[in-house]
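The opening position of the sequence shown corresponds to residue 1 in my numbering, with each subsequent residue numbered one higher.
Think of the CB as a built atom: it goes at the ideal place given N, C-alpha and C, for glycine as much as any other residue.
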Amino acid sequence: MDAQESHRERRTPPDSPAVAAKEEEISALREEVGQLKQAVRSHAAVDQAIGALAAISNIRPEQAWDVLTEVSQHTNVKLRLIAEQVVEWTCDGELSEEVRSALQASLARQEPCDPPQDA
């Protein structure tokens with residue numbers, strides 16, 4: 001018997017518990033990779049929205065985060081979706097009335113950053 005024949009004989013049958021366990025593990029890992037990809041996209045949208053709100057409204061990033069979370073809570077819309085809407089709003093000026101109203105109210109409660117001091 002040569003090495004190839006020996007290798008073929010030692011293969012795990014396709015219906016064995018070991019193969020099923022490996023397939024289950026692969027499936028779980030694929031699902032986890034998908035979730036991680038979505039988390040990265042969500043994180044990017046939130047970071048972009050924080051930056052946009054901070055720049056447009058002259059507030060600190062921590063305040064922009066507070067605004068996003070407050071708008072999310074008041075509108076009962078997921079934070080990621082609010083962030084995506086804010087990012088789109090910077091491009092096309094479109095926001096739903098509910099989100100626009102909650103955003104304006106939250107921004108009105110924020111203290112602006114101190115203006116830069118001339119040297």
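By the neighbour-count criterion, in which a residue is buried when 16 or more other Cβ atoms sit within 10 angstroms of its Cβ, residue 53 is buried. By the C-beta criterion, the region 103-116 is judged to be in contact with the region 56-65, since at least 3 inter-stretch pairs fall below 8 angstroms. Residue 80 and residue 27 have their C-alpha atoms spaced approximately 26 angstroms apart. If you check the CB distance, residue 67 and residue 36 do not come in under 8 angstroms. The C-alpha of residue 40 is placed about 17 angstroms away from the C-alpha of residue 86. Here DSSP, grouped into helix, strand and coil, assigns residue 78 to coil. For residue 17, the uninterrupted alpha helix (DSSP H) run begins and ends at 17-57, by DSSP. For residue 33, the number of other beta carbons within 10 angstroms of its own is below 16, and it is reported as exposed. Contact annotation: residue 45 and residue 84 have beta-carbon atoms nearer than 8 angstroms. Around the Cβ of residue 49, a 10 Å sphere holds 16 or more other Cβ atoms; the residue is buried. Taken through DSSP and simplified to helix, strand or coil, residue 92 comes out as helix.
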